[in-house]
Every structure is written in structure tokens, then in C-alpha cells.
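Take a look at the structure below.
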Amino acid sequence: MAGFKAALINEIVKLLKKKKMIAAAFLSIVAVMVGQVAVTAIKHGFGLRVVGGTEFPLVVLSMFVYTLLPLFATFVAIDMFNGEFTSNTMKITLTRPVSRFGVFAAKVLNLAIFIAANLLFVMVLSLLAGLLFNADSASAAGIGRVALSYAVTFLPVLVFSLLVVLLSNIVRGGLAVFFLSVLLFIGFYFLGIIFSNYSSFFITSMFDWYMLWISESASGFKILRQALIMSGCGIMLFAAGYYLFDRKDI
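Per the numbering used here, the sequence shown starts with residue 2, numbered consecutively.
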């Protein structure tokens with residue numbers, strides 16, 4: 002356990018030192034600012050209130066989850082695996098007193114922490130912006146809906162990131178993994194639209210899973226079914242990714 006904890010701390014420290022973290026934070030701030038400027042311009046230009054104080058974070062989430070968040074997660078996953086294999090720093094990581102499973106699990110947990118932190122960061126920013134410009138429409142129930150929406154979005158994004166981790170252990174080139182991830186993302190998205198009856202099996206179609214949770218006519222069965230599908234996919238992707246990682250020659 003001590004070895005795993007040390008491996009996790011090492012992964013977190015390495016990630017925090019990356020310039021990608023600064024870029025992710027900067028682009029997240031820009032995305033929220035652009036969204037709020039657009040909403041404010043519509044409000045003052047046309048006299049229309051597009052969203053309220055606690056509705057604005059949901060608008061941000063609907064855009065963020067299909068653009069910047071999976072993109073950031075993809076970059077982080079590629080950097081943790083392909084980046085270290087290419088730079089030969091993976092050898093140093095594996096010489097530490099921790100098993101390969103511990104190293105792999107630490108990297109995946111670090112990726113999960115990054116996704117959760119990114120969601121939390123954007124949620125706080127968008128809530129502050131929404132409350133600042135539309136404080137009169139805020140409510141405790143609305144803030145609760147926002148927190149729930151951002152929390153449950155974590156699972157589908159993590160499952161997609163595990164797919165990227167699997168690709169990173171199949172293909173050695175980071176650029177190739179990135180393009181494959183983008184193609185799969187786009188392909189799953191359109192397949193989910195074309196074959197709507199089977200959309201639950203295309204992970205990107207569940208990026209708006211949070212809508213089921215905050216809907217007035219929420220279906221507990223549908224929520225549970227999709228949760229089980231995503232959990233099953235996540236477990237299989239994790240297992241397959243570890244199997245390939247364990248067999249790699251360093």
C-alpha cells in the first residue's frame with residue numbers, strides 16, 4: 002500500500018509540473034468567460050434572459066463535456082503512457098518498489114483525479130459567473146442540480162479515458178493515439194445518433210447522462226442500466242489496458 006501511495010504521489014507531482022495543467026486551467030476559464038459574455042450580450046442586446054444563475058453552469062457543462070474535457074483527458078492519458086515510453090522515463094517509474102499493477106492503477110487514479118478536479122474547477126467558475134450576473138434567479142435546489150450534474154458526468158468521461166489508456170498501450174506513437182481517439186469519439190457520437198436504440202453502448206452518447214438525473218421524469222431503471230453498462234465497460238477497459246501494460250517490454 003505504501004508503494005502504491007508513493008507511486009500515486011509521484012504521478013500527481015509529475016502531472017502538476019506539466020504545462021498542460023496551465024493550459025487546461027486557462028482554456029477552462031476562457032470557455033466560461035466566453036459563455037458568460039455571450040449570455041450577457043444576448044440579455045442586454047435583445048432583452049432576453051437565456052439562462053438563470055444556476056442554469057448557466059449546465060449550459061457550460063453541455064459544451065465542456067463534448068469538447069475540452071475529453072480533449073484534456075486524452076492528452077493526459079497519452080502523456081502518462083506514450084509520453085513516458087517515448088522518453089524512456091517509464092523505466093525509472095518501474096524501478097521503484099511497486100508492482101506494475103500498482104503503477105498502472107496509480108496512473109489511472111491520477112487520470113481520474115484530473116477529470117474530477119477539472120469538473121470541479123469549471124463548476125465553481127461557472128457557478129460564480131452565473132450567480133454574479135444572475136443572482137436573483139439562484140436557489141439552493143438549483144445549485145444542488147448543478148453539483149449533481151457535474152458529479153455524475155465524471156463516470157462517462159472516465160470510461161472514455163480508459164479507452165484512450167487502452168489505445169496508448171496498443172499503439173506506441175502518441176500522435177497516432179490522439180487521432181484514433183478523436184476518430185473514435187466522432188464515430189461513437191454519430192453511431193449513437195444513427196443507431197439510437199443502441200446508443201447506450203456508445204460511451205460518448207452518455208456524456209449527457211446527467212440529464213437523466215436532473216430530469217423531472219427521471220427513470221431510475223434507465224439510470225441504473227446505463228450505470229451498469231458504463232461500469233462494465235470501464236472494468237473491461239481497465240483490465241485490457243493493464244494486461245497490455247504488463248506485457249510491454251521496457
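Beta carbons: idealized from backbone N, C-alpha and C, even for Gly. This structure is a prediction, so every number in the text was calculated from the model and none was measured.
{"Asked": "Inter-stretch contact (C-beta, 8 Å, three-pair minimum) for the segment 186-194 and the segment 138-147", "Found": "no"}
{"Asked": "For R173, the three-state DSSP class (helix, strand or coil)", "Found": "coil"}
{"Asked": "DSSP-derived helix/strand/coil call for D250", "Found": "coil"}
{"Asked": "Collapsed DSSP secondary structure at E56 in the structure displayed", "Found": "coil"}
{"Asked": "Distance, A241 Cα to A8 Cα", "Found": "21 Å"}
{"Asked": "Euclidean distance between Cα positions of A130 and I30", "Found": "10 Å"}
{"Asked": "Contact check, V1 vs F115, beta carbons under 7 Å", "Found": "The shown model of the chain, from 2 to 251, leaves out residue 1, and the question about it has no answer."}
{"Asked": "Exposure of N198, with buried meaning 16 or more beta-carbon neighbours within 10 Å", "Found": "exposed"}
{"Asked": "Alpha-carbon to alpha-carbon, S150 and F102", "Found": "32 Å"}
{"Asked": "Proximal residues to I13 (C-beta, below 8 Å), its chain only, five neighbours per side dropped", "Found": "N111, I114"}
{"Asked": "Start and end residues, alpha helix (DSSP H) containing F196", "Found": "First-last for F196: undefined, no H or E at that position."}
{"Asked": "Reduced DSSP category for P157 - H, G, I as helix; E, B as strand; rest coil", "Found": "helix"}
{"Asked": "Own chain, CB closer than 7 Å to I236, minus 5 neighbours either side, in chain order", "Found": "none"}
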